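These notes are about the structure you will find just below.
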Amino acid sequence: MSKKTHRGSRDGSKFEKIKDIAKKINENEKRKSDNRKKEKAKQAKRVSSKESRSYIILDPPRVLMFLIVVVNTGGSGKKPTGEVANNAPAASKAVSSQAIEFSKDFLSEYFTWHLDGFHQNERDAKLGYFVTGDIADQVGKIDSKKWHSTLKREAIVLKDLENMGDNKSLLTFQVGITFDKTMDAINKEKDELEEDEKVKPVEEVSPGTMDMVLNEQGIVKRIIKKKYVAVQLYYDTDTERFVVYQIPSFTYFDETPNESSPDLETNGLRSVTGNQSTSVRQFLDTFFESYANDSKEKLSYLMDDKTHQNGLNKTMEFVTVKNANIFEGKTDKEKVISANVVYVEPDTGIEFTSHYLLVLLEKEDRFVVKHINNKKYIDDLLNKAELEKNQKEQSTDIEELKDKTENIQEAPDEE
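Just so we're aligned: 67 in full-length UniProt numbering is position 67 of the sequence shown, and the numbers increase by one with no gaps anywhere.
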């Protein structure tokens with residue numbers, strides 16, 4: 001039997017095993033029958049009375065049921081999604097949102113100092129709240145004599161988060177640190193210049209320089225640097241506190257364009273064309289214009305999704321539906337729409353494209369929006385399509401197995 005195009009090697013090998021089982025059953029029972037006949041002939045002279053004998057009759061329906069059980073229980077061994085979810089371990093606090101915020105607070109203090117009126121003890125005390133005692137006297141030391149440093153929380157961006165186990169995590173952040181040169185350092189550089197002389201223009205700066213401010217003599221007063229910093233965090237379950245247990249380390253985060261992408265939500269759905277497609281596209285223009293401009297009361301006529309009935313409240317103006325792909329929904333009355341919609345910002349005139357995933361319901365000879373960006377509906381729809389596909393394939397397999405097992409039956413031995 002030829003393998004199906006879209007079935008994996010695992011399914012193919014499983015069916016081959018079933019074929020082997022059926023073949024071995026046939027061969028084994030034929031061998032037993034031959035042996036019994038030979039033994040019967042040898043004992044014919046010594047046996048005076050007819051002995052009752054028991055035979056194993058291979059009833060095709062029973063064999064078929066056995067093979068079906070093999071098909072249904074010989075799969076990947078994975079538990080149902082719900083059971084896996086119920087048995088999944090609780091998420092570690094070390095990778096929680098609180099852990100991220102704690103780490104941002106720490107980095108803001110770690111990269112902020114002002115050399116005017118600087119007191120090392122005060123800095124050590126602030127950082128001591130965030131770190132373990134064995135590194136408290138190390139993280140606060142600075143080796144700068146002419147640069148102030150500032151890191152605002154809004155300049156800290158999480159780039160990666162790794163669960164290290166045992167309530168530990170590794171968090172990688174992008175930080176934008178602002179370095180301001182002290183007035184003493186600026187004046188010293190001025191004094192080293194001759195009258196009306198300017199410093200040599202800065203032609204090259206190191207990677208990660210985001211901005212630079214010069215004074216009238218060309219002296220750098222401020223420079224903003226982009227860095228990547230890794231923080232090793234621990235959550236103490238006894239004290240219920242976070243703590244940084246290693247000195248932060250500089251690292252690098254690859255920001256080259258990502259060429260990979262996940263499957264679209266609509267992959268596997270069946271497309272809709274023809275007259276239905278035309279009427280849906282006409283409705284989309286009406287809906288998205290209303291979504292941008294109309295009140296909640298007016299939108300309620302076009303929408304069943306109560307969580308989005310406020311629309312855009314005139315914060316954007318509708319331009320056009322750039323493209324729309326239409327798919328079958330759970331029922332004949334429902335359609336799934338993947339649409340890119342162009343809006344313009346009213347005061348600047350700048351156009352933006354937004355993506356929407358809609359579920360439309362045909363209701364009393366008109367369409368209404370049942371859902372906007374509802375992932376659960378799409379997942380349920382895809383699961384339904386996958387189930388129907390598997391049932392169809394299994395039905396075909398059963399028919400083929402039935403054909404294979406029709407002749408697996410042993411007749412009673414001749415007396």
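All C-beta atoms in this analysis are idealised placements derived from N, C-alpha and C, irrespective of residue type, glycine included. In this text, all values refer to a predicted model and were calculated from it rather than measured experimentally.
Under the three-state DSSP convention, the category residue i falls into
| i | result |
| --- | --- |
| Y291 | helix |
| G128 | helix |
| G349 | coil |
| V272 | coil |
| Q138 | helix |
| G133 | helix |
| D379 | helix |
| L387 | helix |
| Y343 | strand |
| L158 | strand |
| I247 | coil |
| E362 | strand |
| T112 | coil |
| L151 | coil |
| L171 | strand |
| S144 | coil |
| D285 | helix |
Within 8 Å, strictly: CB atoms of residue i and residue j
| i | j | result |
| --- | --- | --- |
| S277 | L171 | no |
| D304 | V368 | yes |
| Q309 | K296 | yes |
| residue 416 | F250 | Absent from the structure is residue 416, since the part of the chain shown begins at 1 and ends at 415. |
| L361 | E334 | yes |
| M212 | I219 | no |
| A155 | V175 | yes |
| K330 | L381 | yes |
| V280 | I337 | yes |
| K181 | K146 | yes |
| L299 | S290 | yes |
| G268 | A385 | yes |
Close-in-space but distant-in-sequence residues of the same chain around residue i (CB under 7 Å, 5 per side omitted)
| i | result |
| --- | --- |
| Y377 | V359 and H371 |
| M164 | L170 |
| Y252 | Y228 |
| G349 | none |
| E388 | none |
Contact set for residue i: own chain, Cβ-Cβ below 8 Å, skip 5 residues either direction
| i | result |
| --- | --- |
| T286 | L302 |
| F352 | M316, V342, Y343, V344 and E345 |
| N187 | none |
| V272 | V280, I326, F327, E328 and K335 |
| R241 | Y235 |
| T266 | N325, F327, V336, S338, L357 and I378 |
Reference residue i; option with closest CA among the options
| i | options | result |
| --- | --- | --- |
| W113 | T132, K389, F179 and Q138 | F179 |
| Y235 | S249, T132 and A385 | T132 |
| D160 | T150, S271, Q232 and D379 | Q232 |
| D184 | K389, S206 and L115 | L115 |
| G208 | K306, E265 and K225 | K225 |
| L127 | G274, S290 and P248 | P248 |
| D124 | I177, F118 and D137 | D137 |
| L357 | K384, I142, I326 and R366 | I326 |
| E95 | N167, K141 and Q394 | As written in the sequence, residue 95 is Val, which differs from the Glu given in the question. Among N167, K141 and Q394, the Cα nearest to that of V95 belongs to N167. |
| A324 | D332, N340 and L312 | N340 |
| D254 | F173, S92, N275 and G268 | F173 |
| H148 | F288, T239 and E109 | E109 |
| K306 | F111, E162 and N374 | N374 |
| D134 | Q391, Q246, S354 and S260 | Q246 |
| R153 | F288, H355, F111 and M210 | F111 |
| S92 | E162, F130 and L151 | E162 |
| S354 | K392, F288 and N390 | F288 |
Contacting residues, own chain, Cβ-Cβ under 6 Å from residue i (five flanking each side not counted)
| i | result |
| --- | --- |
| I100 | L158 |
| E399 | none |
| R53 | Note on R53: pLDDT 41, under 50, position unreliable in the model; no value is reported. |
Residue i beta carbon near the ligand SAM (any heavy atom closer than 7 Å)
| i | result |
| --- | --- |
| A230 | Annotation note on the ligand SAM: not contained in the displayed structure, which lists no ligands. |
Just list the alpha helix (DSSP H) runs in the segment 294-336, keeping only unbroken ones of 4 residues or longer that don't cross its boundaries, in chain order. 296-299
Unbroken alpha helix (DSSP H) runs of length 4 or more, entirely within the segment 177-232: which are they? 183-191
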